[in-house]
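Asks: If you scroll down you'll find the structure; I have some questions about it.
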Amino acid sequence: MSVSQDSILDVIAEESLVERSALTPDATLESLGIQSLDIISIVFALEDKFGIVLEQSEFEGVTTVKQLVDIIEVKANAVAEAGAAGAEPAAKA
Amino acid sequence: MSVRVAVTGLGCVSALGQGVQANWSKLKDGVTGIRRLSEPHPDQPRLIKDGPAAAIDGVDTTAVEAFAGRKVTAQLDPVAAYAVVATHEALTAAGLIGDAATLASTFIVYGGASGGNATMEEGYTRILLKGQSSVHPLTIPKTMSSAAVSQLSMIFGIKGVAFAISSACSSSAHAISEAAYMIRAGRTKVAIAGGCDASLNYGSWYSWLALQAMATDTCRPFSIDRKGMVLGEGAASLVLEDYDHARARGATIYAEIIGAGGSSDAGHLTAPSVEGASAAVRAAYAESGIPTDTPVLVSAHGTGTPLNDKTETEVMRGILTGGLDRHRVIATKSAHGHLLGAGGAIEFLLGVLALREGVAPPILGYIGPDPECDLPLALGKTEAFEADALVSNSFAFGGLNSVLIAKRG
Chain A
111 MSVSQDSILD VIAEESLVER SALTPDATLE SLGIQSLDII SIVFALEDKF GIVLEQSEFE
171 GVTTVKQLVD IIEVKANAVA EAGAAGAEPA AKA
Chain B
0 MSVRVAVTGL GCVSALGQGV QANWSKLKDG VTGIRRLSEP HPDQPRLIKD GPAAAIDGVD
60 TTAVEAFAGR KVTAQLDPVA AYAVVATHEA LTAAGLIGDA ATLASTFIVY GGASGGNATM
120 EEGYTRILLK GQSSVHPLTI PKTMSSAAVS QLSMIFGIKG VAFAISSACS SSAHAISEAA
180 YMIRAGRTKV AIAGGCDASL NYGSWYSWLA LQAMATDTCR PFSIDRKGMV LGEGAASLVL
240 EDYDHARARG ATIYAEIIGA GGSSDAGHLT APSVEGASAA VRAAYAESGI PTDTPVLVSA
300 HGTGTPLNDK TETEVMRGIL TGGLDRHRVI ATKSAHGHLL GAGGAIEFLL GVLALREGVA
360 PPILGYIGPD PECDLPLALG KTEAFEADAL VSNSFAFGGL NSVLIAKRG
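Chains as they are written, first to last, in this note's numbering: chain A, 111 to 203; chain B, 0 to 408.
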């Protein structure tokens with residue numbers, strides 16, 4: 111089952127305490143009040159939720175909601191497909 | 000001392016409910032918040048919280064979120080969430096919620112026996128039980144002993160001196176007494192004082208079990224066949240204020256703190272000391288200036304452990320004069336459980352309400368007299384009792400004692 115952008119946005123909203131409706135693709139994390147430690151918390155929750163691992167270098171240049179969602183979507187779907195094929199997910203946990 | 004200290008705001012949450020009114024009405028009605036838990040750990044079923052406890056089933060943060068304008072409580076450890084809802088209620092009662100000018104110089108002195116235990120346990124569960132390699136990035140700021148204090152400052156815009164006080168089960172009584180001294184010293188006009196604790200996680204449960212201090216049935220302060228304490232959780236917050244400042248702005252004055260006394264046993268890590276506890280009570284009386292034959296309502300430490308209640312009886316019998324019947328002893332842990340670092344504050348708060356209303360709510364779980372606990376106990380149903388002052392005792396593990404005395408405002 112593929113991971114939807116909506117499910118990623120749900121996690122970001124829950125962890126960042128930003129209203130879900132404010133998480134528009136072009137919104138910058140800075141404009142939403144999401145600071146560096148918040149981003150680390152969001153990534154932590156996304157890793158947990160989707161069984162993925164993100165190195166800091168992979169998200170340190172992220173400035174918009176869309177950039178973050180895109181990175182997670184690719185990673186999470188790779189894990190989901192590997193899981194569907196019977197392989198072990200590359201989960202950090 | 001020339002500066003008088005008024006109590007102008009009250010707020011609390013415990014297993015009895017959220018809010019002063021919920022707690023007070025249940026206490027007066029003789030309703031207990033203690034119930035039997037039987038909760039296996041979701042990841043390790045051999046670990047079970049099995050026994051009586053006074054647990055909170057969640058708090059309503061709607062009013063706090065509405066005030067803050069955003070979801071400020073969603074990520075809080077329970078210990079901070081309890082402190083936040085209790086303080087929101089206290090500030091609202093004091094008419095100071097959102098009063099940026101006053102809160103800019105308001106102090107916070109808040110007690111806690113520990114920090115964010117649930118967050119700490121979640122972290123250990125991940126790395127030690129589940130074999131995961133990371134914990135939540137906010138584990139440190141959520142588990143530090145001052146976590147709740149920081150949240151109170153941030154959420155309510157309180158910008159004066161703020162810190163946590165830790166002295167086990169006397170923490171919040173010490174916090175109230177030190178905040179009162181700060182007001183008397185002229186360092187601030189207003190202070191938030193109180194305490195919070197949330198120790199119904201598995202690690203704390205098993206630690207208290209190991210200490211063999213927990214009752215297997217319920218909390219029965221000063222009763223024959225009492226078996227021990229019952230763990231509770233929650234928070235209590237009080238707004239303390241320079242009396243003249245409170246009067247000038249027309250605030251409701253719930254009580255006036257007229258004495259505080261502290262002492263250390265320099266004795267045993269867990270066993271209470273008659274001498275040490277008595278020194279704290281006597282110091283509070285001396286500061287208050289009231290004679291020991293003044294009819295008082297004693298909000299006892301009253302844990303329900305065999306040794307504490309026997310010791311507290313000896314202490315109070317050695318101090319109260321004029322005939323014991325002119326005094327009355329309540330022990331509210333029998334209703335809300337042992338709130339540890341928040342215990343002193345909620346017991347003082349409930350004692351203030353009893354003093355104001357001229358009643359003595361009953362000690363619950365009492366099944367018969369113990370000759371070693373011969374005190375004028377409030378038993379049966381809530382009775383009318385007109386006391387001239389409240390004496391609120393906190394005698395913590397490690398021999399750290401704090402006693403507060405208040406009169407009506």
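Where is the CB? At the ideal position from N, CA and C, for every residue including glycine.
Small disclaimer: the values here were computed from a predicted structure and weren't measured.
1. Going by CA-CA distance only, name the one from Val179/A, Ala194/A, Gly161/A, Thr138/A that's closest to Ser114/A.
2. Count the other CB atoms, across all protein chains shown, that sit within 10 Å of the CB of Arg130/A; report buried if there are 16 or more and exposed otherwise.
3. Would you say Leu142/A reaches chain B, if we count a Cβ-Cβ gap shorter than 8 Å as a contact?
4. Could you tell me the alpha carbon to alpha carbon distance between Phe106/B and Ser176/B, rounded to whole angstroms?
5. The alpha helix (DSSP H) that contains Leu127/A, what's its start and end?
6. Any Cβ of chain B within less than 8 Å of the Cβ of Ser151/A?
7. Could you spell out where the alpha helix (DSSP H) holding His40/B opens and where it closes?
8. Can you look up Gln150/B in the DSSP assignment and give me helix, strand or coil?
9. Could you work out which residues of chain B lie near Leu127/A, taking near to mean beta carbons separated by less than 8 Å?
10. Just to make sure I have the definition right: I need the residues of chain A whose C-beta is within less than 9 Å of the C-beta of Leu151/B. Which are they?
11. Would you check if there are 3 or more beta carbon pairs closer than 8 Å linking the stretch 375-383 of chain B to the stretch 237-245 of chain B?
12. Which residues in chain B have a C-beta closer than 8 Å to the C-beta of Leu133/A? List them in chain order.
13. Leu147/A to Phe169/A, Cα distance in whole Å?
14. The alpha helix (DSSP H) spanning Gly350/B covers which residue range?
15. Can you tell me whether His267/B is buried or exposed, with buried defined as 16 or more other CB within 10 angstroms of its CB?
16. Near Ala178/B, what residues of its chain come up, given a Cβ to Cβ distance below 6 Å and the 5 sequence neighbours on each side ignored?
17. Nearest by alpha-carbon distance to Ile157/B: which of Ala395/B, Gly97/B, Ala377/B, Cys218/B is it?
18. Span of the beta strand (DSSP E) holding Leu403/B?
19. Per DSSP, Ile107/B forms a beta bridge with which residues?
20. Whose Cβ in chain B lies nearer than 7 Å to the Cβ of Phe169/A?
21. DSSP state of Asp243/B, grouped into three classes?
22. Below 8 Å, how does it come out for the stretch 160-173 of chain B and the stretch 336-352 of chain B: are there three or more Cβ pairs, yes or no?
23. Report all residues from its chain with a CB closer than 7 Å to the CB of Gly364/B; omit the five preceding and five following residues, and keep chain order.
24. Counting only C-beta atoms, is Phe154/A closer than 8 Å to chain B at any point?
25. State whether the stretch 113-127 of chain B contacts the stretch 65-78 of chain B, with contact taken as three or more CB pairs (one from each stretch) at a distance under 8 Å.
26. Leu139/A CB to nearest chain B CB: under 8 Å?
27. What are the residues that DSSP puts in a beta bridge with Ala259/B?
28. Out of curiosity, what's the CA-to-CA distance linking Leu90/B and Leu9/B?
29. Say yes only if the C-beta of Asn307/B is nearer than 7 Å to one or more non-hydrogen atoms of the ligand MG, and no if none qualify.
30. At least one CB of chain A closer than 8 Å to the CB of Leu199/B: is that the case?
31. Go through its chain and collect everything with a Cβ distance to Leu210/B's Cβ below 6 Å, but skip five positions before and after it.
32. Would you mind giving the Cβ-Cβ distance between Thr251/B and Thr72/B, rounded to the nearest angstrom? I have them listed as a contact below 8 Å.
33. At which residues does the beta strand (DSSP E) containing Lys48/B begin and terminate?
34. Determine the DSSP secondary structure at Cys372/B, reduced to helix, strand or coil.
35. Let me check understanding here. Comparing Cα to Cα, which of Thr187/B, Ala93/B, Val84/B, Pro41/B lies closest to Glu121/B?
36. Is the CB-CB distance between Ala344/B and Ala353/B below 8 Å?
Replies: So, from the data block:
1. Locating residue 114/A in the first sequence gives position 4, where the first residue counts as 1. Cα-wise, what sits closest to Ser114/A is Val179/A.
2. In the first sequence, residue 130/A corresponds to position 20, counting from 1. So Arg130/A ends up on the exposed side.
3. Your numbering for residue 142/A matches position 32 in the first sequence. No, its Cβ sits nowhere closer than 8 Å to a Cβ of chain B.
4. In the second sequence, residue 106/B corresponds to position 107, counting from 1. In the second sequence, residue 176/B corresponds to position 177, counting from 1. When rounded, the distance between both Cα atoms is 13 Å.
5. Here residue 127/A corresponds to residue number 17 of the first sequence, with the count starting at 1. Where Leu127/A is concerned, there is no enclosing alpha helix (DSSP H), given that its DSSP letter is neither H nor E.
6. By 1-based counting over the first sequence, the position of residue 151/A is 41. By this cut-off, Ser151/A is an interface position.
7. Within the second sequence, numbered from 1, the residue matching residue 40/B stands at position 41. Looking at the DSSP string, His40/B is not in any alpha helix (DSSP H); the run it does join, the beta strand (DSSP E), is 34-40.
8. In the second sequence, residue 150/B corresponds to position 151, counting from 1. Helix at Gln150/B.
9. Within the first sequence, numbered from 1, the residue matching residue 127/A stands at position 17. Here the neighbours are Arg69, Lys70, Val71, Ala73, Gln74.
10. Within the second sequence, numbered from 1, the residue matching residue 151/B stands at position 152. Near Leu151/B there are no residues of chain A at all, since even the closest Cβ is about 18 Å away, more than 9 Å.
11. Contact annotation: the stretch 375-383 of chain B does not touch the stretch 237-245 of chain B, with fewer than three C-beta pairs closer than 8 Å.
12. The count along the first sequence starts at 1 and reaches residue 133/A at position 23. Within chain B, no C-beta atom comes nearer than 8 Å to that of Leu133/A; the closest sits roughly 14 Å away.
13. As a working note, residue 147/A is residue 37 in the first sequence. As a working note, residue 169/A is residue 59 in the first sequence. Their Cα atoms are separated by approximately 12 Å.
14. Locating residue 350/B in the second sequence gives position 351, counting from the first residue. Looking at the DSSP string, the run of the alpha helix (DSSP H) that includes Gly350/B is 342-356.
15. Position 268 of the second sequence, counting from 1, holds the residue named residue 267/B. Label assigned to His267/B: exposed.
16. As a position in the second sequence, residue 178/B is number 179, starting the count at 1. Same-chain partners within the cutoff: Val108, Ala190, Ala192, Leu239.
17. The count along the second sequence starts at 1 and reaches residue 157/B at position 158. Comparing Cα-Cα distances from Ile157/B to each of Ala395/B, Gly97/B, Ala377/B, Cys218/B, the minimum goes to Gly97/B.
18. Taking the second sequence and counting its residues from 1, the one referred to as residue 403/B is at position 404. Run containing Leu403/B: 399-407, per the beta strand (DSSP E) assignment.
19. Sequence index remark: in the second sequence, residue 107/B carries index 108 (1-based). DSSP output for Ile107/B lists Ala161/B, Ile191/B as bridge partner(s).
20. The count along the first sequence starts at 1 and reaches residue 169/A at position 59. Result: empty, since nearest Cβ-Cβ is about 13 Å, beyond 7 Å.
21. On the second sequence, position 244 is the one that residue 243/B refers to. Looking at Asp243/B - three-state DSSP - the assignment turns out to be helix.
22. Because the criterion of three Cβ pairs below 8 Å is met, the stretch 160-173 of chain B and the stretch 336-352 of chain B touch.
23. Numbered from its first residue, the second sequence carries residue 364/B at position 365. Hits under 7 Å: Thr217, Cys218, Arg219, Ser222, Ser333.
24. Stepping through the first sequence from its first residue, residue 154/A is reached at position 44. So, interface residue.
25. Counting Cβ pairs under 8 Å, three or more are found: they touch.
26. Locating residue 139/A in the first sequence gives position 29, where the first residue counts as 1. Taking Cβ atoms only, chain B never reaches closer than 8 Å to Leu139/A, which makes this a no.
27. Your numbering for residue 259/B matches position 260 in the second sequence. DSSP output for Ala259/B lists Leu403/B as bridge partner(s).
28. Locating residue 90/B in the second sequence gives position 91, counting from the first residue. Locating residue 9/B in the second sequence gives position 10, counting from the first residue. Between Leu90/B and Leu9/B, the C-alpha separation is close to 8 Å.
29. With respect to small molecules bound, the structure shown includes none, and the ligand MG cannot be examined in it.
30. As a first step, residue 199/B must be located in the second sequence, where it is residue number 200. No - not a single Cβ of chain A is within 8 Å of the one on Leu199/B.
31. To locate residue 210/B, count along the second sequence from 1; it is residue 211. Nothing listed; no residue qualifies.
32. On the second sequence, position 252 is the one that residue 251/B refers to. On the second sequence, position 73 is the one that residue 72/B refers to. Rounded, the Cβ-Cβ distance is 27 Å, inconsistent with contact.
33. Here residue 48/B corresponds to residue number 49 of the second sequence, with the count starting at 1. Here the beta strand (DSSP E) through Lys48/B covers 43-52.
34. Position 373 of the second sequence, counted from the first residue, corresponds to residue 372/B. In this structure, Cys372/B counts as helix in the three-state DSSP scheme.
35. Residue 121/B sits at position 122 when you count from the first residue of the second sequence. The shortest Cα separation from Glu121/B among Thr187/B, Ala93/B, Val84/B, Pro41/B belongs to Pro41/B.
36. Counting from one through the second sequence, the residue named residue 344/B turns up at place 345. Counting from one through the second sequence, the residue named residue 353/B turns up at place 354. No, they are not a contact pair.
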